[in-house]
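Just so we're aligned: the first sequence equals residues 0 to 161 in numbering that gives the first Met the number 0. Heads up: the structure comes next, in structure tokens.
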Amino acid sequence: MAFDFGRDRRIRSRADFVRVQTYGERATSPHFVLLVAARAKPEAPEAPAPPSRLGIVVTRKIGSATVRNRIKRLCRECFRLWPGFVPDGIDLVVIAREGAHELSLAEVRAEWARARPALLARCASVLRRGPITAKPPLKGRPKKGRPPSPGGRPEGKERPSS
RNA sequence: CGACGCCGUUCAGGCGAUCGCCGGCCGCGGGCCGAGAGGCAACCGCGGCGGGAGGAAAGUCCGAGCUCCACAGAGCACGAUGCCGGGUAACGCCCGGUGGCGGAAACGCCAAGGAAAGUGCAACAGAGAACAGACCGCCUGGCCGGCGCCGAAAGGCACCCGCCAGGUAAGGGUGAAACGGCGGGGUAAGAGCCCACCGCGUCUCCGGUGACGGGGACGGCACGGCAGACCCCAUCGGGAGCAAGGCCAUGUAGGCGGGCGUGCCGCUCCGAGGAUCGCGAGGUCCGAGGGGCGGUGAAGGAUGGCUCGUCCGAGCCCGUGGGUAGGCUGCUCGAGACGCCCAGCAAUGGUCGUCCUAGAGGAAUGAUCGCCACCGCGUCGGGGGCGACCUCGAUGCGGAACAGAACUCGGCUUACGGACGACGUCGACCA
RNA sequence: UCCAGCGAAGCCGAAUGGUCAGGCAGCCGGCUGUUAACCGGCCUCUAGAAGGUUCGAUUCCUUCCGCUGGAG
Numbered sequence: 000m001a002f003d004f005g006r007d008r009r010i011r012s013r014a015d016f017v018r019v020q021t022y023g024e025r026a027t028s029p030h031f032v033l034l035v036a037a038r039a040k041p042e043a044p045e046a047p048a049p050p051s052r053l054g055i056v057v058t059r060k061i062g063s064a065t066v067r068n069r070i071k072r073l074c075r076e077c078f079r080l081w082p083g084f085v086p087d088g089i090d091l092v093v094i095a096r097e098g099a100h101e102l103s104l105a106e107v108r109a110e111w112a113r114a115r116p117a118l119l120a121r122c123a124s125v126l127r128r129g130p131i132t133a134k135p136p137l138k139g140r141p142k143k144g145r146p147p148s149p150g151g152r153p154e155g156k157e158r159p160s161s
């Protein structure tokens with residue numbers, strides 16, 4: 000019951016992905032980039048926060064379809080078996096880096112655990128700020144200082160799948 | 001026994017436990033409709049039942065189905081294919097054959113039409129590279145000279161060097177390729193100049209559906225290579241693609257500025273209203289406007305290379321400013337899968353029977369643990385053997401391929417781990 | 001999903017059926033008190049891979065691999 004992972008726990012529209020990748024805050028680990036942003040609130044302001052959602056981005060640069068599927072399954076499983084990894088009302092986007100498919104589930108979990116304290120701090124910051132409702136600008140994202148990110152990540156090019 | 005060759009079938013580790021994902025069916029509850037009984041194709045939750053990747057799902061190299069472009073028309077252009085026969089919905093695929101090349105053989109490979117329609121190309125080397133050419137050489141004649149022999153002399157004979165004129169293409173040499181090959185005759189030397197065989201060409205006979213094969217006669221070398229160079233000939237191809245296309249919702253509306261057009265005729269129907277006759281019901285006439293059919297004309301548009309032809313046509317085009325990205329469907333019963341039999345050398349086709357087998361959409365088909373199987377290496381123990389080693393059991397470590405449906409089929413190509421079975425060739429040994 | 005184009009030295013890049021320019025970079029030498037600039041010389045290519053056509057292939061054909069771009 001607590002380990003369910005239905006459609007309401009997944010990010011399913013391109014607009015949501017773009018919102019998180021544009022305005023979200025970042026935490027990194029050797030094989031992943033984790034981005035968080037607040038979920039858009041429903042009408043009723045007193046309603047409880049909606050559950051957190053997961054979206055996964057694995058570009059074709061990472062590997063073949065089989066490899067990409069492997070990574071996505073690992074990430075989904077790790078998120079599913081860890082309720083409360085991020086608080087409710089948070090959208091989490093995981094971007095895979097090269098070599099992620101060679102990890103086992105336990106290794107992914109360990110890596111996420113190391114990144115979690117920083118990630119939770121970002122979540123708190125993002126929840127204070129509240130959801131961004133403004134539409135993202137059409138042309139690219141503001142180029143903030145980019146930490147050294149090996150492998151880089153193409154943007155806007157071929158559509159990443161999750 | 002060894003070395004090869006070739007064909008076919010089949011699997012894609014198994015079982016269990018726990019936690020999940022996608023869609024289907026059933027039930028209950030919510031929800032919705034209804035006064036109610038009750039109903040629900042569509043929404044949400046819970047429970048149950050059964051289903052859920054491939055042989056290549058891949059590359060996107062071909063062929064089709066399906067959908068839209070009015071019909072899918074003609075010519076040109078462009079592209080593809082290219083021995084023959086068959087198979088097929090179709091194909092550039094498959095099967096059987098023919099020819100060529102490779103191999104000792106089994107067998108493998110081949111885009112394999114046309115170079116006597118035209119154009120073009122061939123570096124370097126070489127004398128000459130396409131209606132060729134003469135460097136060395138060989139031969140003949142002439143001239144000058146030298147030397148030897150014979151002769152008393154005149155002169156004669158033989159040889160060598162140089163030059164000139166001519167003959168020749170056998171030999172040398174160059175090249176990927178040199179204007180038939182080889183042998184004999186012939187000749188001053190040579191040459192298809194002549195002859196035999198082979199090659200080539202023409203005619204012809206026989207066999208074959210045909211590609212082609214076999215034979216005969218004649219010719220007397222005339223016709224080199226490259227068409228995966230342009231090209232010619234034959235055959236085929238209209239274009240786009242499921243983000244096709246359809247339905248619902250919505251702001252493809254409406255606004256502003258500018259431009260072009262909305263025509264005419266006939267038949268017919270409706271007809272506000274008007275005039276007139278009648279006591280009246282009603283009749284007759286005129287009739288703005290509108291509908292239908294037909295003809296003609298038309299701004300503009302369709303036929304995604306061009307032209308023609310054809311078709312649509314009452315609205316259309318340009319600018320300006322302002323928006324949308326959601327849901328349903330197409331979506332899985334099909335040139336379908338399996339089995340028996342029959343026809344055929346085969347590819348394949350046919351009758352009958354049985355079966356229904358993923359349908360996602362930021363995209364499911366998974367994760368973890370345990371046990372059992374498989375392979376490799378190591379250790380220990382038992383058995384066999386003189387021995388290399390074989391075999392059985394236990395145990396530790398490692399490995400266990402290529403790879404993920406996106407409308408659906410038929411092929412091709414590429415990637416890749418096994419298991420099983422059949423056939424053929426050659427060599428060695430034994431009988 | 002569909003469709004184009006491109007792979008040549010460490011880098012950028014012409015031309016082409018006959019072994020492949022040029023520039024930058026590098027190395028050596030010269031000039032200068034030294035460096036830069038300049039001058040002279042040198043080095044560097046299985047032409048993405050494998051087959052085929054041709055006497056001969058980087059070029060033509062086929063199949064793979066990688067990269068880039070475009071359409072909806």
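Glycine included, each C-beta is placed from N, C-alpha and C at the ideal position. Note that the structure is predicted; figures quoted are calculated from it, not measured.
In this structure, Arg72 keeps its C-beta atom at 8 angstroms or more from the C-beta atom of Ile10.
Under DSSP, Asp90 shares a beta bridge with Ala36, Arg52. Following the DSSP letters along the chain, one finds Thr21 inside the alpha helix (DSSP H) bounded by residues 13-22. The bridge partners DSSP lists for Phe4 come to none.
Contact between Val35 and Asp90 holds, with the beta-carbon distance rounding to 7 angstroms and staying under 8 angstroms. A distance of 8 angstroms or more separates the beta carbons of Val92 and Val17. By the Cβ criterion, the stretch 61-70 is not in contact with the stretch 1-8, since fewer than three pairs of Cβ atoms, one from each stretch, lie closer than 8 angstroms.
One Cα belongs to Pro50, the other to Val125, and the distance between them is close to 15 angstroms.
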